[in-house]
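My numbering applies: residue 17 is where the sequence shown begins, and numbers increase by one. Yeah, the Cβ is synthetic: ideal placement off N, Cα and C, and Gly gets one too. These numbers come from a predicted model, not from an experiment.
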Amino acid sequence: MLDVETIRKDFPILDTLMHGRPLVWLDSASTSQKPRQVVDRMVRFYESENSNVHRGVYELSEKATAAYEGARAACGRFIGARNARSIIFTRGTTESINLVRYTWGRANVREGDEILVTEMEHHSNLIPWQLLAQETGATLRHLPIDDEGRLRMDLLDQHMTERTKLVAVGLMSNVLGTINPVRRLADAAHAVGARILVDAAQAAPHLPFDVNELDADFLAYSSHKMCGPTGAGVLYGREDLLEAMPPFHGGGEMIREVWADRATWNEIPYKFEAGTPNVAQAVGMGAAVEYLEDVGRDDIREHEKEMVAYAIERLEAAGAVVYGPRDVEERGGVASFNLDEVHPHDMATILDQEGICIRAGHHCAQPLMRRLDVAATARASFYLYNSPQDIDALVDALAKAKGWFA
Ligand SMILES: Cc1ncc(COP(=O)(O)O)c(C=O)c1O
């Protein structure tokens, strides 16, 4: 089990006061807080290893390159990738998904093809496919969800056809917490010759998983949601697919040989990393991987199951409607809710006065809000540093907020 009190000491920000009250951070699904180990690693990089990577022949550049490539290896290990060549550093999940849209998508998707997404996708895993569909003449299809926020797998056959070229699905919903049956979707996609892209922005920080077990063709995740810095993320791609794909951005580093009018491309993953990368951020992301591995990813998952079960129990007892599956085996540590007629924004503003940070709004999932028939929800999300006392503080403050609006 996690020793939350000890873990909290790694996160200096958790000692700060907000409006004179101790900070209660319940917005990790938006971005997580950063442990000292990650911050210190980045400081060490800037203080003693800083140089550009893959370019210099001097020792400092070799140090920086070793740190950068070490982070790539860690990020690959984190998701079970067999080879670091499959790991492309990006700025985050959104950029990773757009990379696939611009490269694989433009090369492979044609008029009449279909792209299958789900009703619960984050805009980052929806808008790129809308844009690709618009520019190619392909059709976007949406796998519906049931009233508990689970994918309607019984309708999959109607939505997956021999015209399906790509399935783009989140492994864990940022609103409902639902953990989707990605392996089943991958098997169905592969059976019709389609590819599957997995948005693991929410899953990577919270659930141990393996890209090979998921049989993902592409998988995207972000550093900043998993204790790492902003400005870093990963696109995993199957090596044969990456080899066949055209490059994304053009510029330095992604080339092998250049003439006045043409060029040839570097090997993967460098073909997709034009320009000077976010080296310190990538190194920080590698440190975040090591931090989470040291704490224990299975223990983090177990802790979050307990947290979300307790949150659902207390929120419902306080009269809130909580969205998403009831069974914690099927959901991650996210609790989206509404409470009577109190608008989520008003709720979040009042909670802020108590030092409690939750998210309110459409959570970048407007089609899902329409499906739930709400304009917005409040969302409390949990991580390794949250304790049941944080949930008690939330529910007590909600009771106060309710009083204000009664
Ligand atoms: C499910 C999901 N996908 C994609 C993203 C986008 O991630 P980023 O903003 O790090 O690119 C998020 C961020 O909230 C998310 O929750």
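Query, Result
"Length at least 4, wholly inside the segment 243 to 298: the alpha helix (DSSP H) runs in chain order", "255 to 260"
"Stretch pair the segment 81 to 96 + the segment 110 to 121: three plus CB contacts closer than 8 Å", "no"
"G377 Cβ short of 6 Å to ligand 1 heavy atom set", "no"
"Near ligand 1: N282 beta-carbon under 6 Å from a heavy atom", "no"
"Spatial neighbours of P160 in its chain, beta-carbon cut-off 7 Å, leaving aside the 5 residues before and after", "E135, R168 and L171"
"Helix, strand or coil at I104 according to DSSP, with G and I counted as helix", "strand"
"Exposure label - V214; buried when at least 16 CB within 10 Å", "buried"
"Residue span of the alpha helix (DSSP H) that contains T110, given as start and end", "T109 to V116"
"Nearest neighbour of V350, chosen from L156, A298, S189 and V54 [CA to CA]", "S189"
"heavy atom of ligand 1 below 6 Å from D215 C-beta", "yes"
"Any non-hydrogen atom of ligand 1 within 6 Å of H3 CB", "Outside the shown range of the chain, which is 17 to 422, sits residue 3, and nothing can be said about it."
"Contact check, S239 vs T109, beta carbons under 7 Å", "no"
"R395 (DSSP reduced to helix, strand or coil)", "strand"
"Rounded straight-line distance, which links the Cα of G340 to that of R166", "7 Å"
"Limits of the unbroken beta strand (DSSP E) element including R330", "R330 -> not in any beta strand (DSSP E); alpha helix (DSSP H) instead, spanning R313 to A333."
"At least 3 beta-carbon pairs within less than 8 Å: the segment 97 to 106 vs the segment 119 to 136", "no"
"Pairwise C-alpha distance: A87 and S46", "23 Å"
"Proximal residues to D277 (C-beta, below 8 Å), its chain only, five neighbours per side dropped", "none"
"Closer than 6 Å: S238 CB and nearest ligand 1 heavy atom", "yes"
"Per-residue burial, Q218 [other beta carbons within 10 Å of its own, 16 or more giving buried]", "buried"
"Classification of V69 by the beta-carbon crowding that lies within 10 angstroms, buried from 16 upward", "buried"
"Own chain partners of A204 with C-beta closer than 7 Å, once the 5 adjacent residues on each side are dropped", "L172 and M176"
"Unbroken stretches of the beta strand (DSSP E), 3 residues or longer, contained in the segment 149 to 193", "155 to 159 and 180 to 186"
"Residues of its chain near A413, where Cβ-Cβ distance is below 6 Å and the 5 sequence neighbours each way are ignored", "L367, E370 and I372"
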